[in-house]
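Input: a single structure, listed below in C-alpha cells.
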C-alpha cells in the first residue's frame, strides 16, 4: 500500500542536519511502490499543526543532492514541543487531521533528545488513538548528548571546527605571547554537557598541552583554575582556555550568568568568556583575548567532518529503511565496531530509550585534574572528526542550496493552536 | 659582495604572514652569490636588539615551503617599536652592533603601518649613521589599512573567513527565526577601520540583504540602528549585525568600552557584541545570539583566500628582489590592473609614504544609510577572497609547520635595553 511521507527538522540546527534530510528524501524517492509523495513540514512539528507543508516534488534532484553540503535547516526548525497527551489532546487530533488530509503514512522527525520526546508522542497516535502512522526519529545534535549511539550527527563537524580553530589560534597566540597576549579564552556551546569543550583537547598532542578545558561536568573553582593557569603560562609562556557555556561554579550556579545589577535591576551584559577573561586579567595580570563561537560552531559546513556527513546521511537513509521494514517508534543509531580504524554500522533503538535522556561526558574521559581529556576520550573522539568534506565554492564563497519551498495547497481550516 | 639576510615579523600576525616569510626565504636562498646565510629574528625587532637570531640553514626546504600554509608568526612577532633617533640612539647603535657581528646586509621587516615606521627607522642606520644596510618593509595586516597598495596581505583571508561564516550563519539563523533567535550579532576586528566589517557584505547578494554593518567609519546612533534593525526583521524575519570593534558612538567614544563601574571602580566586563545584543533584547525584544571572532579571523588558515596567499608570497619575494636590485627603504605593494578578471602586479613605494598612515574605508564604499556596502566596494573586495588554498589535513586536523628554531650563537654581550 502506498502512503505519503513527511519529514521535519527540530531544535537547534547543525551543519549536517540537511545531509540527514537528503538521506531521508533520496531513500524515500527510491521506493515509489511504497512511498508516494514526499513532503517536508515548514518549521518542524509546528508546520504539521499549521498544515504548512512543502512539496518536495517541486525540488530538483540536484537541489536535494546539494542539501548534503548545505548547513542550517533547509525546511526550518522549531523550538516547540507537543504537550501532554491528556491535557493537549487537541494537538494530537489535529495531527491526525493533517496526516489524513495529505495521506501521510510515514513521519520522520530529525532532532535531539527533546525532539525525540515529541517524536515519541507522535507515535502515540497509533498506540493510543489507533491512527496508523509510522514515526521514526532521526538523531542530530552538536551537543553529542544522545544516549545509545556512538555519536550524534552534527557533533563531529562542530568538534572538528573547534579543534581546528583552537589549533590555529595556538599558532597565533604562541607568536604574540612574549610581548602581548598570553591567554586566549574560547566559549563553546554545551549547556549541560561538555562534549564540545572536550573536543578542543584534540587540538594538541602530548601530556602537558598549553590548554585548560572547563567542562560542564566539572564544578568550577576560580582559585584553583587561576593557579592551574599561572602554572601553564609559567611553563609554556601562554595558554588557551576552552569553556563550556554551561560551566557551573562550585555553588552549583551557572558561572556565565551575571548577577542582577544592584543599580539597573536586570541582568548584566556578557557571557562566560568575557567574565573568565576579566578574572584572568584581574587575578594574574595577563593580557587576555577571548572569543565566542556561538552559531559558527554549528553552521561551519565548510569545515565539516567527512565521517559526520556520512553518518548524518546514513541515519536519514536508515530511518526510511526501518519504516519500510515495518518498524515503528524507533531511532537509528551508530554502533562503533572499532576505533582504529573506525568501523561503524547502523543499528536502531526504541524512541522511549532516548527521549529526553542526556548523556554527559563520562568521568573516564576527564583527566584527573578536571582540566583535560584522557587517552580514552581521545580514542573516542579522534575518528569522529576524520576527513574533509568541502562544499563547492563559487567566487570565493561556499555555494549552498536553497529550496524553492513550494507549499502544498491547504485542505483544512487554520489551526487555532 | 655577499652579505647575510635577516627577516623578522612584527605586530598582530595573520594567517598568511608566513607565506611572506616563505617568499623572502626561498628567494634569498635562490641568490647565494649575493646573499649568504639567512636568519630570522625571534620576536621581531626585539630579537634583533637581543641578538636572538634563528639560523634558517637549520630548517629543511620542506619546512620553509610548509610555511606557505601555516598560520601565526613562525618566528614570533612583537608589539615593540624603536624609539626616536635622538632620544634612543643606543637602540640604533645596538642594531649596528648586531648587524656587524653577523654580517647582515639585508633586513626585511614584515608588518603593518606601525611596523613600517620601525622599518623606516632601521633605514636611518644607513642614512643618518652611515652604516650600509638595505632595509625593506614587507606589508601585512588583516585591517587592510595600509595606503598605496591595492590590499594588505592578510586581509583577503580574514575577509573570506568573515563572509563565509556570515553566509553560513544566515542559513542557521533563517531556519530558527520563526520560534527562536531572530538576530545574530558578530563583532569583528578593526579598531580604526571597518574593512573587516565591510567584508561581511560579501556574504549576501541583492539590494536589501538581512544584514546591517556597523563600520568604524560611521558614528553609531543607537536609536537609528534599532529602527533599521526592526525594519529588517519585519521584512525578512531575521537579521545579522556585523560590528567593527572600533565602532564609535555619536559622542565620539568607543561603543564597546564599558563605563567605569560606580561600585568597583574598574572597567566592566564585555565587549561590543554583548552590549549590542543587550540593547537589541531590551529595545526590540528579539531573542539575540552573539559571537566574537577575535583571533579566529586572523588565524583561520584552513579558509585562506588563494589570491591572498599568492600576494603574501609575492610581496615577500619582491622585497628580496628589490633589495638585490639596489633599492632601499621601500615596501612592495600590489597594484590592481583590472577587477574582472582580477589582474595585479607588484610595484613598490618608499617607506616614508606608508609608515604610520591608516587608510579607512572610503565614503564611496559605504551605502548611503551607513549600514551596508556599495557596488564599488563589492567590486573592490570580491576578487580578494577568490580561490581556496586548503592546508594539508592529517587525522582530521590541519598539519601546520613548526620550525626547529636553532639559535645562532651569540657574539655580543646581553643588551641592557
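Chains as they are written, first to last, in my numbering: chain A, 1 to 417; chain B, 1001 to 1417.
We treat Cβ as the ideally placed atom computed from N, Cα and C, and that holds for glycine.
Task: the ligand PLP heavy atom lying under 7 Å from the CB of residue 211 of chain A - done: As for the ligand PLP, it is missing from this structure, which has no ligand bound.
TODO: Please work out which residues of its chain come closer than 7 Å, Cβ to Cβ, to residue 115 of chain A, disregarding the five sequence neighbours upstream and downstream, and give them in chain order.
DONE: Position 115 of the first chain holds residue 115 of chain A. Closer than 7 Å at Cβ, skipping near neighbours: 10, 11 and 109.
- [ ] Decide yes or no for the touch test of the stretch 1211-1219 of chain B against the stretch 1140-1149 of chain B: beta carbon pairs closer than 8 Å, at least 3 of them.
- [x] no
Task: Completely contained beta strand (DSSP E) runs for the stretch 1076-1158 of chain B, where each covers 3 or more residues - done: 1104-1111 and 1134-1139
Open item on the list: Under 8 Å, Cβ to Cβ, is there at least one residue of chain A near residue 1301 of chain B?
Closed with: As a working mapping, residue 1301 of chain B is identified with position 301 in the second chain. Yes - at least one Cβ of chain A is within 8 Å of the one on residue 1301 of chain B.
Open item on the list: With a threshold of 8 Å between beta-carbons, can residue 1189 of chain B be considered close to chain A, or not?
Closed with: For the purposes of this step, residue 1189 of chain B is taken as the residue at position 189 of the second chain. No, because no Cβ of chain A sits closer than 8 Å to the Cβ of residue 1189 of chain B.
- [ ] With 8 Å as the threshold, decide whether the Cβ of residue 1163 of chain B is near any Cβ in chain A.
- [x] Against the second chain, residue 1163 of chain B aligns to sequence position 163. Yes, residue 1163 of chain B lies at the interface with chain A (some Cβ there is under 8 Å from its Cβ).
Task: Host alpha helix (DSSP H) of residue 1016 of chain B (start-end) - done: Taking the first residue of the second chain as 1, we reach residue 1016 of chain B at position 16. Neither: residue 1016 of chain B is in no alpha helix (DSSP H) and is coded neither H nor E.
TODO: Please go through the same chain and pick out, in chain order, the residues whose beta-carbon is closer than 8 Å to the beta-carbon of residue 65 of chain A, but skip the five residues on each side of it.
DONE: As a position in the first chain, residue 65 of chain A is number 65, starting the count at 1. Closer than 8 Å at Cβ, skipping near neighbours: 22 and 26.
Task: Unbroken beta strand (DSSP E) run spanning residue 1344 of chain B, endpoints - done: If you number the second chain from 1, residue 1344 of chain B lands on position 344. Its beta strand (DSSP E) spans residues 1343-1350.
TODO: Indicate whether at least one CB of chain B lies closer than 8 Å to the CB of residue 160 of chain A.
DONE: Start at 1 with the first residue of the first chain, and residue 160 of chain A comes out as number 160. Residue 160 of chain A counts as touching chain B.
TODO: For residue 1168 of chain B, return the contacting residues in chain A, with the cut-off set at a CB-CB distance below 9 Å.
DONE: As a working note, residue 1168 of chain B is residue 168 in the second chain. Neighbours of residue 1168 of chain B on chain A, chain order: 15, 71, 72, 295, 296, 299, 300, 301, 302, 398 and 400.
- [ ] Given a cut-off of 8 Å, decide if residue 333 of chain A and residue 347 of chain A are closer than it, judged by their beta-carbon atoms.
- [x] By one-based count along the first chain, residue 347 of chain A stands at place 347. By one-based count along the first chain, residue 333 of chain A stands at place 333. Yes.
Open item on the list: Which residue wins for smallest C-alpha separation from residue 1106 of chain B, given the options B:1322, B:1072, B:1150 and B:1341?
Closed with: Along the second chain, read from residue 1 onward, the residue named residue 1106 of chain B stands at position 106. Residue 1106 of chain B has its Cα closest to that of B:1322, out of B:1322, B:1072, B:1150 and B:1341.
- [ ] Indicate the three-state DSSP secondary structure (helix, strand or coil) for residue 414 of chain A in the structure shown.
- [x] Taking the first chain and counting its residues from 1, the one referred to as residue 414 of chain A is at position 414. Residue state, collapsed to three classes: coil.
Open item on the list: Which residues in chain B have a C-beta closer than 9 Å to the C-beta of residue 1 of chain A? List them in chain order.
Closed with: The residue given as residue 1 of chain A occupies position 1 in the first chain. Near residue 1 of chain A there are no residues of chain B at all, since even the closest Cβ is about 33 Å away, more than 9 Å.
TODO: From the DSSP output, read off the bridge partner residues of residue 1327 of chain B.
DONE: The residue you call residue 1327 of chain B lines up with position 327 of the second chain. Answer by DSSP bridge pairing: none, since residue 1327 of chain B is not bridged.
TODO: Taking only runs that begin and end inside the stretch 1150-1214 of chain B, name each unbroken alpha helix (DSSP H) of 4 or more residues, in chain order.
DONE: 1155-1176 and 1195-1199
Open item on the list: Under 8 Å, Cβ to Cβ, is there at least one residue of chain B near residue 7 of chain A?
Closed with: Counting from one through the first chain, the residue named residue 7 of chain A turns up at place 7. So no, residue 7 of chain A is outside the interface.
Task: Spatial neighbours of residue 1384 of chain B in its chain, beta-carbon cut-off 7 Å, leaving aside the 5 residues before and after - done: Counting from 1 along the second chain, the entry for residue 1384 of chain B is found at position 384. Closer than 7 Å at Cβ, skipping near neighbours: 1151, 1155, 1156, 1159, 1305, 1307 and 1308.
Task: Among B:1391, B:1376, B:1293 and B:1405, nearest to residue 1161 of chain B - alpha-carbon criterion - done: By one-based count along the second chain, residue 1161 of chain B stands at place 161. For residue 1161 of chain B, the nearest C-alpha among the options comes from B:1293.
Open item on the list: Taking its Cβ as the centre, do 16 or more other Cβ atoms sit within 10 Å of residue 285 of chain A, making it buried, or is it exposed?
Closed with: Here residue 285 of chain A refers to the residue found at position 285 when the first chain is read from its first residue. Exposed, by the Cβ-count rule.
TODO: Check whether the Cβ atoms of residue 1047 of chain B and residue 1056 of chain B sit closer than 8 Å, and answer yes or no.
DONE: One-based indexing of the second chain puts residue 1047 of chain B at position 47. One-based indexing of the second chain puts residue 1056 of chain B at position 56. Not a contact, by the Cβ cut-off of 8 Å.
Open item on the list: Strictly by DSSP, which residues pair up with residue 332 of chain A?
Closed with: Your numbering for residue 332 of chain A matches position 332 in the first chain. Partner(s): A:348.
- [ ] Please list the residues of the stretch 171-184 of chain A that have a C-beta atom closer than 9 Å to any C-beta atom in chain B, keeping them in chain order.
- [x] 171, 172, 173, 174, 175, 176, 177, 178, 179, 180, 181 and 184
TODO: Show which residues of chain B have a CB atom less than 9 Å away from the CB atom of residue 153 of chain A.
DONE: Within the first chain, residue 153 of chain A is the residue found at index 153, counting from 1. Per Cβ cutoff of 9 Å: no residues; residue 153 of chain A is ~16 Å from chain B at best.
Open item on the list: Given this structure, state the Cα-to-Cα distance separating residue 1119 of chain B from residue 184 of chain A, to the nearest angstrom.
Closed with: By one-based count along the second chain, residue 1119 of chain B stands at place 119. By one-based count along the first chain, residue 184 of chain A stands at place 184. Straight-line Cα distance between these residues: approximately 29 Å.
Open item on the list: By DSSP's criteria, residue 4 of chain A is part of a beta bridge. Which residues make up the other side?
Closed with: The residue given as residue 4 of chain A occupies position 4 in the first chain. In DSSP, residue 4 of chain A forms a bridge with A:104.
- [ ] Taking C-beta pairs closer than 9 Å, name the residues in chain B that residue 385 of chain A reaches, listed in chain order.
- [x] Within the first chain, numbered from 1, the residue matching residue 385 of chain A stands at position 385. By Cβ distance, chain B contributes 1395, 1396 and 1397.
Open item on the list: Please report whether the beta-carbon of residue 259 of chain A lies at a distance below 8 Å from any beta-carbon of chain B.
Closed with: In the first chain, the residue the question calls residue 259 of chain A occupies position 259. Reliability of the predicted coordinates at residue 259 of chain A is poor, the pLDDT of 48 falling under 50, and the value obtained from them is presented with this limitation in mind. Not one chain B Cβ lies under 8 Å of residue 259 of chain A.
Task: Partner residues on chain A for residue 1389 of chain B, Cβ-Cβ distance less than 8 Å - done: Walking along the second chain from the start, residue 1389 of chain B turns up at place 389. Residues of chain A passing the Cβ test: none, with the nearest at roughly 11 Å.
Open item on the list: On the criterion of 16 or more Cβ atoms from any shown chain inside 10 Å, does residue 168 of chain A qualify as buried, or is it exposed?
Closed with: For the purposes of this step, residue 168 of chain A is identified with residue 168 of the first chain, where counting begins at 1. Classification of residue 168 of chain A: buried, given that the 10 Å Cβ count is 16 or more.
Task: When B:1403, B:1272 and B:1287 are compared against residue 1188 of chain B, the one with the closest alpha-carbon - done: Here residue 1188 of chain B is taken as the residue at index 188 of the second chain, counted from 1. Checked all of B:1403, B:1272 and B:1287; the closest Cα to residue 1188 of chain B is B:1272.
Task: Proximity below 8 Å, CB of residue 211 of chain A to CB of residue 378 of chain A - done: Here residue 211 of chain A corresponds to residue number 211 of the first chain, with the count starting at 1. Here residue 378 of chain A corresponds to residue number 378 of the first chain, with the count starting at 1. In this structure, residue 378 of chain A does not lie closer than 8 Å to residue 211 of chain A by Cβ.
- [ ] State the DSSP-derived secondary structure class of residue 1289 of chain B, mapped to helix, strand or coil.
- [x] Within the second chain, numbered from 1, the residue matching residue 1289 of chain B stands at position 289. Correct three-state label for residue 1289 of chain B: strand.
Open item on the list: I want to verify the contact list: residues of chain B whose CB lies under 7 Å from the CB of residue 80 of chain A, in sequence order.
Closed with: Taking the first chain and counting its residues from 1, the one referred to as residue 80 of chain A is at position 80. Result: 1179.
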